[in-house]
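Numbering (this note's numbering), first residue to last: 550 to 737. Glycine included, every Cβ here is placed at the ideal spot set by N, Cα and C. Just so you know, these numbers come straight off a predicted model, no measurement behind them. Only one structure is covered here, and it is reproduced in the block below.
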Amino acid sequence: MDAPMPMVTFFRKLDVTRLVRLSGKKGLKFNMLMCWCIGRAASGIKEFWMLPVGRKLMQYDSIAVNTIVADRRGEVSSCDIPFSDDLHQFNADYLRLTAQVAETCENHDLTDSMVIGTSALARYEIDGAVGMYSGVFNNPFMIWGKYRRHFFRTFLTVSFQFHHTQMDGAHAALFLDNLQKEINSLTA
């Protein structure tokens, strides 16, 4: 907890072919599907239910996934989506809350949930990103850019940043493995 730079970042290439196909076939947003899979992968790992806050490790009763929303002013706002194991409920919440944030230009923050941050830079080809450590935002955070097609598969490189007090590298690697499994097994 006293490390000057307690944040660690992993990079991983995910096969998101299934998400891209389901998105097109079922009319579901790719970003929503990705956020739901992140919530599913995280919810099975006890370290994701805790977060370093000040000098304490706080345990939460719920998880949320954050997404960045382009608002009506052309700026961006933050939107926390409560995680539901039910994809249809998560999708309904995602659509309702992101529309609300886009219209009101006000962040939707869930302070009573452990929030996993995301930032999708889907228009840009990036190979990774390392977030900053301010001592204020200790939440785990995923960033990705545009997915890339290679033959008949679609791949997405993600960066996953986490606080070393919250979890060890083995937990983070397990999360990324679980994320790929959730993507592979998704049915809508």
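- The bridge partners DSSP lists for residue 712 are 556.
- Membership of residue 629 in the beta strand (DSSP E) is indicated by the continuous run 625-631.
- A Cβ-Cβ contact shorter than 8 angstroms links residue 708 with residue 679.
- The beta carbons of residue 666 and residue 706 sit no closer together than 8 angstroms.
- At a cut-off of 4 residues, the continuous stretches assigned as alpha helix (DSSP H) that sit fully inside the stretch 630-702 are 636-653.
- Judged by their CB atoms, residue 586 and residue 621 are not nearer to each other than the 8 angstroms cut-off.
- According to the DSSP assignment, residue 605 belongs to the beta strand (DSSP E) that extends over 605-608.
- Counting C-beta pairs with one atom in each stretch, the stretch 626-642 and the stretch 551-570 have fewer than three that are closer than 8 angstroms, which means they do not touch.
- Here residue 638 is exposed: its Cβ has fewer than 16 other Cβ atoms, across all protein chains shown, within 10 Å.
- Beta-carbon to beta-carbon, residue 659 and residue 590 are separated by about 19 angstroms, too far to satisfy the 8 angstroms threshold.
- For residue 571, there is no enclosing beta strand (DSSP E); the enclosing alpha helix (DSSP H) has its first and last residue at 566-575.
- Within the DSSP secondary-structure output, residue 594 pairs in no beta bridge.
- When rounded, the separation of the alpha-carbon atoms in residue 584 and residue 703 is 17 angstroms.
- DSSP places residue 737 in no alpha helix (DSSP H); its state is neither H nor E.
- When beta bridges are read from the DSSP output, residue 721 appears opposite no residue.
- Rounded to the nearest whole angstrom, the C-alpha separation of residue 726 and residue 651 is 33 angstroms.
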